[in-house]
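Reading the sequence shown from the start, the letters are residues 343 to 582 in this note's numbering.
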Amino acid sequence: MLETLEPRGRFGRPYLYEPECESTQLLIGANPEEGTVAVCDFQSAGRGRLGRTWEAPAGTAIHCSVALAPPAGRAPQELTLVGALAAADAVEVATDLFVQVKWPNDVMLNRRKVAGVLGELRGGTVVLGIGINVNQTREQLPPDARRPAGSLRTLTGTEHDRAQVLSTLLWRLEHHYDEWREGGLAALYPDIGARDFLRGRRVTVDGVSGTVIGIDRAGRLELDTGGERRLVESGEISYS
Numbered sequence: 343m344l345e346t347l348e349p350r351g352r353f354g355r356p357y358l359y360e361p362e363c364e365s366t367q368l369l370i371g372a373n374p375e376e377g378t379v380a381v382c383d384f385q386s387a388g389r390g391r392l393g394r395t396w397e398a399p400a401g402t403a404i405h406c407s408v409a410l411a412p413p414a415g416r417a418p419q420e421l422t423l424v425g426a427l428a429a430a431d432a433v434e435v436a437t438d439l440f441v442q443v444k445w446p447n448d449v450m451l452n453r454r455k456v457a458g459v460l461g462e463l464r465g466g467t468v469v470l471g472i473g474i475n476v477n478q479t480r481e482q483l484p485p486d487a488r489r490p491a492g493s494l495r496t497l498t499g500t501e502h503d504r505a506q507v508l509s510t511l512l513w514r515l516e517h518h519y520d521e522w523r524e525g526g527l528a529a530l531y532p533d534i535g536a537r538d539f540l541r542g543r544r545v546t547v548d549g550v551s552g553t554v555i556g557i558d559r560a561g562r563l564e565l566d567t568g569g570e571r572r573l574v575e576s577g578e579i580s581y582s
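Next up, the structure:
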């Protein structure tokens, strides 16, 4: 049950909960203070990257939004990758399995997407929307996904405590956020590199094809396009 939360740190103070909402990105409000967390058990209009919908049966997933106030001089768009790294940590703690991050915002377990992050800039505040597939059955996962999604339940064979996963997520997000505030994305570079799902894969991003070298210290995807190095800041990605 997610009605209450005992925060391990700053994040989750205040904590907003509703059994059902249109989206936690709306529930959190227009001007949330840093550390505010909004959670609901069912989203009727959850959104993912590039306008895609993100839905799950009530009580099976984590839908949360977290308000952050990045300091001047830091690139707020990097926080999507920071959030994905925190979600990967939380899934790994819950499953005891190696979890990867697929640039720019997906979390992968056994080649299946189990979580995603959406960042929205509102003035000087970034609201990170984070969704984690926790206890959906195979039948409850989206059947029309370009690549099959997964949940912690389908990939481990057991149900998981969503409150514990959420608590770990916020704890790890606070930790990585503080590292990022102090040293930028370069401070997280070893962790990001270790979890890089696309490294060494052949990909196409908005019509540009190449082999992924990695994610650079500014959060860009680095490609080898056949002797030429290309840096990609954003785009729709496909891979083999």
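Glycine included, each C-beta is placed from N, C-alpha and C at the ideal position.
Nothing here was measured: the structure is a model prediction, and the numbers come from that model.
{"Item": "Are the region 531-545 and the region 409-417 in contact at 8 Å, needing three or more beta carbon pairs?", "Value": "no"}
{"Item": "For Ile370, which residues in the same chain have their Cβ closer than 7 Å to its Cβ, ignoring the five residues on either side in sequence?", "Value": "Leu358, Thr378, Ala380, Ser407, Ala409 and Val469"}
{"Item": "Among all the DSSP beta bridges, which residues are the ones paired with Ile579?", "Value": "Val547"}
{"Item": "State the start and end residues of the unbroken alpha helix (DSSP H) segment that holds Ile534.", "Value": "Tyr531 to Ala536"}
{"Item": "Using DSSP bridges, identify the partner residues of Gly461.", "Value": "Leu470"}
{"Item": "Distance check for Leu511 and Val435, CA to CA, integer angstroms please.", "Value": "10 Å"}
{"Item": "Spatial neighbours of Arg572 within its chain, please: CB distance less than 7 Å, with the 5 preceding and 5 following residues excluded, ordered by chain position.", "Value": "Val550, Gly552 and Leu565"}
{"Item": "By Cβ distance, which residues of its chain are closer than 6 Å to Gly296, with the 5 residues on each side in sequence left out?", "Value": "In the structure as shown, the chain begins at 343 and stops at 582. Residue 296 is therefore absent and cannot be evaluated."}
{"Item": "So for Leu392, helix, strand or coil by DSSP?", "Value": "Low local confidence applies: a pLDDT of 49 at Leu392 is under 50, so the model's placement there is unreliable, with the coordinate-based value given in what follows. In the structure shown, Leu392 sits in a helix (DSSP, three-state: H, G or I)."}
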